[in-house]
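Those letters in the sequence shown? Residues 1 to 102, by the UniProt record's numbering.
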Amino acid sequence: MDELLLRASPEPRTPQNPSAISAVISGTGFDVPDQILTNADLERMVDTTDAWIVERTGMKERRIARPDQAASDFALAASRRALDDAGVNPEELDLILVATVT
1 MDELLLRASP
11 EPRTPQNPSA
21 ISAVISGTGF
31 DVPDQILTNA
41 DLERMVDTTD
51 AWIVERTGMK
61 ERRIARPDQA
71 ASDFALAASR
81 RALDDAGVNP
91 EELDLILVAT
101 VT
(Lines of atoms letter the chains of each structure in order from A and count residues from 1; the text may use other names and numbers.)
(Lines give C-alpha, C1' and ligand atoms only; values in the text may rest on other atoms or scores of the structure.)
Protein backbone atom coordinates (compact mmCIF):
# COMPACT_ATOMS: atom_id res chain seq x y z
CA MET A 1 0.00 0.00 0.00
CA ASP A 2 2.82 2.43 0.82
CA GLU A 3 4.27 1.93 -2.64
CA LEU A 4 0.92 2.74 -4.26
CA LEU A 5 0.57 5.92 -2.23
CA LEU A 6 4.04 7.04 -3.20
CA ARG A 7 3.46 6.34 -6.89
CA ALA A 8 0.09 8.10 -6.91
CA SER A 9 1.46 11.39 -5.65
CA PRO A 10 5.01 12.76 -5.41
CA GLU A 11 4.11 14.25 -2.01
CA PRO A 12 1.44 12.05 -0.43
CA ARG A 13 -0.71 13.77 2.15
CA THR A 14 -1.83 10.44 3.61
CA PRO A 15 0.13 8.99 6.56
CA GLN A 16 2.33 6.05 5.62
CA ASN A 17 1.19 4.07 8.67
CA PRO A 18 -2.03 2.29 7.55
CA SER A 19 -3.34 2.24 11.11
CA ALA A 20 -3.13 6.05 11.14
CA ILE A 21 -5.17 6.48 7.95
CA SER A 22 -8.62 7.92 8.47
CA ALA A 23 -11.33 9.01 6.09
CA VAL A 24 -13.88 11.78 6.29
CA ILE A 25 -16.81 12.38 3.98
CA SER A 26 -16.60 16.13 3.47
CA GLY A 27 -19.45 16.50 1.02
CA THR A 28 -21.96 14.55 -1.02
CA GLY A 29 -23.70 15.13 -4.31
CA PHE A 30 -26.13 13.40 -6.62
CA ASP A 31 -27.73 13.83 -9.99
CA VAL A 32 -30.58 12.00 -11.69
CA PRO A 33 -32.15 12.17 -15.15
CA ASP A 34 -35.02 14.61 -15.65
CA GLN A 35 -37.36 12.12 -17.34
CA ILE A 36 -39.62 10.26 -14.89
CA LEU A 37 -41.38 6.97 -15.63
CA THR A 38 -44.17 6.48 -13.09
CA ASN A 39 -46.07 3.36 -12.16
CA ALA A 40 -49.10 4.95 -13.84
CA ASP A 41 -47.04 5.10 -17.05
CA LEU A 42 -46.22 1.41 -16.67
CA GLU A 43 -49.90 0.60 -16.09
CA ARG A 44 -50.60 1.98 -19.57
CA MET A 45 -47.75 -0.06 -21.10
CA VAL A 46 -48.16 -3.50 -19.50
CA ASP A 47 -50.66 -5.47 -17.45
CA THR A 48 -49.76 -4.24 -13.95
CA THR A 49 -50.94 -1.88 -11.23
CA ASP A 50 -49.30 0.73 -9.05
CA ALA A 51 -50.16 -1.34 -5.95
CA TRP A 52 -48.56 -4.50 -7.40
CA ILE A 53 -45.33 -2.66 -8.25
CA VAL A 54 -45.11 -0.80 -4.93
CA GLU A 55 -45.82 -3.94 -2.90
CA ARG A 56 -43.01 -5.87 -4.60
CA THR A 57 -40.42 -3.16 -5.22
CA GLY A 58 -41.34 -0.12 -3.14
CA MET A 59 -40.88 1.96 -6.29
CA LYS A 60 -43.31 4.67 -7.34
CA GLU A 61 -41.16 6.09 -10.12
CA ARG A 62 -37.87 5.60 -11.88
CA ARG A 63 -35.62 8.01 -13.77
CA ILE A 64 -34.77 7.45 -17.42
CA ALA A 65 -31.63 8.84 -19.04
CA ARG A 66 -31.83 10.20 -22.56
CA PRO A 67 -29.91 8.29 -25.25
CA ASP A 68 -27.32 11.10 -25.38
CA GLN A 69 -26.65 10.93 -21.61
CA ALA A 70 -23.98 8.75 -20.01
CA ALA A 71 -23.27 7.87 -16.39
CA SER A 72 -20.28 10.21 -16.59
CA ASP A 73 -22.63 13.16 -17.24
CA PHE A 74 -24.42 12.48 -13.97
CA ALA A 75 -21.12 11.83 -12.19
CA LEU A 76 -19.81 15.23 -13.26
CA ALA A 77 -22.90 17.07 -12.01
CA ALA A 78 -22.91 15.07 -8.77
CA SER A 79 -19.22 15.70 -8.15
CA ARG A 80 -19.68 19.43 -8.65
CA ARG A 81 -22.48 19.37 -6.07
CA ALA A 82 -20.30 17.36 -3.68
CA LEU A 83 -17.43 19.84 -4.04
CA ASP A 84 -19.81 22.72 -3.38
CA ASP A 85 -21.30 20.87 -0.40
CA ALA A 86 -17.82 20.27 1.02
CA GLY A 87 -16.63 23.79 0.26
CA VAL A 88 -13.43 22.57 -1.37
CA ASN A 89 -11.66 22.98 -4.70
CA PRO A 90 -10.94 19.93 -6.87
CA GLU A 91 -7.20 20.42 -6.34
CA GLU A 92 -7.66 19.78 -2.61
CA LEU A 93 -9.02 16.24 -3.05
CA ASP A 94 -7.05 13.20 -2.01
CA LEU A 95 -9.62 10.59 -3.02
CA ILE A 96 -12.93 10.37 -4.85
CA LEU A 97 -15.44 7.60 -4.11
CA VAL A 98 -18.21 6.88 -6.60
CA ALA A 99 -21.33 4.79 -6.10
CA THR A 100 -24.02 4.19 -8.68
CA VAL A 101 -27.25 2.23 -8.88
CA THR A 102 -28.87 1.04 -12.07
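Ideal placement from N, C-alpha and C gives every residue a C-beta, glycine not left out.
- Rounded to whole angstroms, the gap between the alpha carbons of S26 and D47 is 45 Å.
- For the 8 Å CB-CB criterion, L97 and E61 do not form a contact.
- The DSSP-derived three-state label of R56 is helix.
- By the 16-neighbour rule on beta-carbons within 10 angstroms, A82 is buried.
- Contact annotation, D50 with N39: C-beta distance approximately 4 Å; criterion of less than 8 Å satisfied.
- In the DSSP assignment, E43 falls within the alpha helix (DSSP H) that extends over N39 to M45.
- Of the candidates R80, M59, T100 and A99, the residue whose Cα lies closest to the Cα of E91 is R80.
- Here A71 is not near T28, since their CB atoms are 8 Å or more apart.
- Going by beta carbons, R56 and P33 fall outside the 8 Å limit.
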